[in-house]
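S.K.: Residue numbers (our numbering), protein chains in the order written: chain A, 1 to 191; chain B, 1 to 25. The C-beta atom is built at its ideal place from N, Cα and C for all residues, glycine as well.
#1: Looking only at C-alpha atoms, which of A:124, A:57, A:64 and A:132 sits nearest to residue 43 (chain A)?
#2: Taking C-alpha atoms, which residue in B:4, B:5 and B:17 lies nearest to residue 27 (chain A)?
#3: Less than 8 Å between CB atoms is the rule here; does residue 182 (chain A) satisfy it with respect to chain B?
#4: Closer than 7 Å between beta carbons: that is the criterion. Which residues of the stretch 53–67 of chain A meet it against chain B?
#5: Could you check if residue 34 (chain A) is buried or exposed, using at least 16 other CB atoms within 10 Å of its CB as the buried criterion?
#6: Which of helix, strand or coil does DSSP assign to residue 23 (chain B)?
#7: Please state whether the Cβ-Cβ distance between residue 182 (chain A) and residue 22 (chain B) is less than 8 Å.
#8: Would you report the Cα separation of residue 22 (chain A) and residue 178 (chain A), rounded to the nearest angstrom?
#9: Can a CB atom of chain B be found closer than 8 Å to the CB of residue 44 (chain A)?
#10: Quick check: the Cα distance between residue 141 (chain A) and residue 160 (chain A), rounded to an integer number of angstroms?
#11: Residues in its own chain within less than 8 Å of residue 112 (chain A) by CB, not counting five upstream and five downstream?
#12: Please report the Cβ distance between residue 84 (chain A) and residue 74 (chain A), rounded to the nearest whole angstrom; I am assuming they are in contact, meaning their Cβ atoms lie under 8 Å.
#13: Beta-carbon separation of residue 18 (chain A) and residue 76 (chain A) under 8 Å?
#14: I'd like to confirm the pairing. Which residues does DSSP put opposite residue 63 (chain A) in its beta bridges?
Structure (structure tokens):
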């Protein structure tokens, strides 16, 4: 319902708007993580390490709903909608193409909001383990959350035996997205 | 004149997480 913007705004302004969207989104992932049963039982060090390595991937899952694959537009969290060519001009083409592709694949699985939330929890605790001090505790948390996701999906779709494995196949995609794009630059105006 | 702080997505994410946990200690 938002007017497609971009024409009258400079690429610098769009870039700043894109960058500023990340700050609240990251804070929301941190709050989300604290709500995951068992997450706060991890050491503070391990909580920080998992968040640092997994937040970008959780954001990729969360941002899926902002990508309209049919109309090739992206709606930022501030409500502004941009056509893909406008954003491509900012040099974010490769990241956006990868996110469109990922959001189409994940979107096709038709997850319910609670299933998506549980999947994001699994994504976070499945993130890169470098720097983790208590590996056993993180693995136990991951196993518990994966079991919960599997049983939630199985009980809702008893005859769709492939959905859970299709979901797990998205984890390497997310890791690739993270490795390819988390070094993208953001710009914050300092007045 | 307007100046800009440029940082990678990963560094920006790390910065916000470190700030959050420091504030809540």
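M.R.: A quick look at the data gives this:
#1: When C-alpha distances from residue 43 (chain A) are compared across A:124, A:57, A:64 and A:132, the shortest belongs to A:132.
#2: B:17
#3: yes
#4: 55 and 56
#5: Exposed: under 16 other Cβ atoms inside 10 Å.
#6: helix
#7: Between residue 182 (chain A) and residue 22 (chain B), the C-beta spacing is not below 8 Å.
#8: 15 Å
#9: yes
#10: 25 Å
#11: 156
#12: That pair is a contact at about 7 Å.
#13: yes
#14: Answer is none; residue 63 (chain A) lacks a bridge partner.
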